[in-house]
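Peer 1: Protein chains in written order, with the numbering used here: chain S, 1 to 135; chain X, 1001 to 1391. Even glycine gets a Cβ: it sits at the ideal position worked out from N, Cα and C.
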């Protein structure tokens, strides 16, 4: 079993098609929608967590690419500007996962991108605005 | 065995001074006892780094040709106070840029303000000045625009009327909606507890009765050198205390001053508090001379012994009811959770402990290298219990 968080960009001609349901039906993948939006020019953005067999995942991703959907791993999306982070820990109050946690020895805030679900709550709660969104 | 500041300075100059941080002295006293520690250690360094809203800088812009008596001024579109002499202005840390939507789209982001202007100047970046006036016979200029940088300014001093609060509230939210405060985002129904003090490393908690800190004390300020100018606004020493004298409520404060030149944006950082406004995170470190055993006893204070009040920021703080939900220690706060009303509440800090530690270490290095000498305070900070002989 594999679990991947990916960011999908849909071209506008695909926005109204039931692509995700096909991932479940034909490829047996479980999905969890982390974020979804359609821009004014009708390009779709979908952040998904997909869980399933590795071979099914590979086939599912190939199906998405064949539909013209561009895919990038989510881990690149929220980044910390190391220069600006002051390691205060204000972000810990809003992070819903363990992506942001305090190392009690160094008292520095660690950012585990693998745990990040890109909810973006930390972005505005960070006083020096060190958490940045990169799509 | 009592020591004087002069004796300690001689030892610093000879490179013989024994300096430890406020964290290190805890273990030292546990191992060797107060008496031996007092005999061997000359100085304890402290540190704190957190948002300190009551901060700002006096700037002299230098004169334009023709001269202008600046009546209104903006630095990167942030209004600066100009109701002082012709080209002197004061840029306050919490002043927001004009055209900022504030809280009209709630919660406001407050991306740029006075704190950021000060950070930009200290980082060596250009800042755009715009000034207007009404014109006088001696100052005919009416409009003035130019880019300024710290290097070309005639004078630029950080002058903060209230910094380094001795202890502070732990903020929680008892209501059923998220609230946005100067203590950060507070989730509903005791979702989190935010605190803001370096506890056992914090300058004023290591000298709780101000037996060494006073007007003229030389300090680490914003990465450079500064001085305690006065007691800070809202300085209050008549508060409940632990047996060893540490206040269990927000108590003493200091006003500090120092040349912006020589400071470092790492210790002077513009902050944006969601839904609240802008501020400036200031790094301060105060050296505490080990004059006697009493100083050692106070500086060896541990987070376990320092207590802070838990305050509801949905009703009690805004309405000023004075109600306190309980007291918790900084050891509990730093552990990651506290218990309020029988509920385990995760904690988060607005004060950076790691940077406070870095400041105490830096100050220790400066003293060891003989670059930083102690200054004799002209007068100690006012302290009611000390003046009444209570310790």
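#1: How about residue 1407 (chain X): is its C-beta nearer than 8 Å to some C-beta of chain S?
#2: Near residue 1119 (chain X), which residues of its chain fall below 7 Å by C-beta distance, leaving aside the five closest residues on each side in sequence?
#3: Can you tell me where the alpha helix (DSSP H) holding residue 1317 (chain X) begins and where it ends?
#4: I need the boundaries of the alpha helix (DSSP H) containing residue 65 (chain S), first residue and last residue.
#5: On the three-state DSSP scale, how would you describe residue 1213 (chain X)?
#6: Considering just the uninterrupted stretch of the beta strand (DSSP E) at residue 1051 (chain X), what are its terminal residues?
#7: In terms of residue numbering, what span does the beta strand (DSSP E) encompassing residue 1128 (chain X) cover?
#8: Could you check the C-alpha separation between residue 99 (chain S) and residue 120 (chain S) for me, to the nearest Å?
#9: I'd like to know if the segment 1190-1202 of chain X and the segment 1129-1136 of chain X are in contact, where contact means that at least 3 CB-CB pairs between them fall below 8 Å.
#10: Tell me whether the segment 1298-1310 of chain X and the segment 1236-1248 of chain X touch, counting them as touching only if at least three CB pairs, one residue from each stretch, are closer than 8 Å.
#11: Please classify residue 124 (chain S) as buried or exposed, where buried requires at least 16 neighbouring CB atoms within 10 angstroms.
#12: Taking 8 Å as the limit between beta carbons, can you name the residues of its chain near residue 23 (chain S), skipping five residues before and five after?
#13: Which ranges would you report for the alpha helix (DSSP H) in the segment 1105-1188 of chain X if only whole runs of at least 4 residues count?
#14: Could you list which residues in chain X have their beta carbon closer than 8 Å to that of residue 106 (chain S), in chain order?
#15: So which residues on chain S does residue 1124 (chain X) lean against when the C-beta distance must stay under 9 Å?
#16: Listed from N- to C-terminal order along the chain, which residues in the segment 88-102 of chain S have their beta-carbon within a distance smaller than 8 Å of any beta-carbon of chain X?
#17: Please return the same chain residues whose Cβ sits closer than 7 Å to the Cβ of residue 1343 (chain X), not counting the five positions on each side in sequence.
#18: From residue 1308 (chain X) to residue 1172 (chain X), what does the alpha carbon distance come to, in whole angstroms?
#19: Report the option in S:102, S:115, S:128 whose CA atom is closest to the CA atom of residue 1113 (chain X).
#20: Could you confirm whether any beta carbon from chain S is found closer than 8 Å to the beta carbon of residue 1106 (chain X)?
#21: Which residue spans inside the segment 1245-1290 of chain X form an unbroken beta strand (DSSP E) run of at least 3?
#22: With a threshold of 8 Å between beta-carbons, can residue 1220 (chain X) be considered close to chain S, or not?
#23: Measuring alpha carbon to alpha carbon, tell me which of X:1125, X:1135, X:1252, X:1074 ends up nearest residue 1168 (chain X).
#24: Apply the 10 Å Cβ neighbour rule to residue 40 (chain S) and answer buried if 16 or more other Cβ atoms are within range, or exposed otherwise.
#25: DSSP three-state call for residue 1370 (chain X): helix, strand or coil?
#26: In whole angstroms, what separates the C-alpha of residue 1062 (chain X) from that of residue 1227 (chain X)?
#27: Relative to the C-alpha of residue 1065 (chain X), which candidate in X:1030, X:1142, X:1348 has its C-alpha closest?
#28: Under three-state DSSP, which class holds residue 1008 (chain X)?
#29: Mind pulling the chain X residues with CB within less than 8 Å of residue 86 (chain S)?
#30: Apart from the five residues just before and just after residue 1379 (chain X), which ones in its own chain have a Cβ nearer than 7 Å to its Cβ?
#31: Indicate whether residue 1058 (chain X) and residue 1272 (chain X) have their beta-carbon atoms separated by less than 8 Å.
#32: Can you give me, in chain order, the residues of the segment 1320-1347 of chain X that have a beta carbon less than 9 Å from any beta carbon in chain S?
#33: Which of the residues in the segment 1175-1189 of chain X, read from start to end, lie with their CB under 8 Å from any CB of chain S?
#34: Kindly indicate if chain S contains any beta-carbon less than 8 Å away from that of residue 1263 (chain X).
#35: In terms of residue numbering, what span does the alpha helix (DSSP H) encompassing residue 1387 (chain X) cover?
#36: List, in order along the chain, the chain X residues whose C-beta lies closer than 7 Å to that of residue 129 (chain S)?
Peer 2: By the coordinates alone:
#1: In the structure displayed, chain X extends from 1001 to 1391; residue 1407 (chain X) sits before or after that span and is not available.
#2: 1265, 1268, 1269, 1270
#3: 1316-1319
#4: 54-66
#5: coil
#6: 1048-1051
#7: 1127-1132
#8: 12 Å
#9: no
#10: yes
#11: buried
#12: 29, 31, 50, 60, 63, 64
#13: 1114-1122
#14: 1354
#15: Near residue 1124 (chain X) there are no residues of chain S at all, since even the closest Cβ is about 14 Å away, more than 9 Å.
#16: 88, 89, 90, 91, 92, 93, 94, 102
#17: 1190
#18: 13 Å
#19: S:128
#20: no
#21: 1254-1259, 1268-1273, 1277-1285, 1287-1289
#22: no
#23: X:1252
#24: exposed
#25: coil
#26: 25 Å
#27: X:1142
#28: helix
#29: 1049, 1269, 1281, 1352, 1355
#30: 1214, 1215
#31: no
#32: 1334, 1335, 1336, 1346, 1347
#33: 1184, 1185, 1186, 1187
#34: no
#35: 1384-1387
#36: 1272
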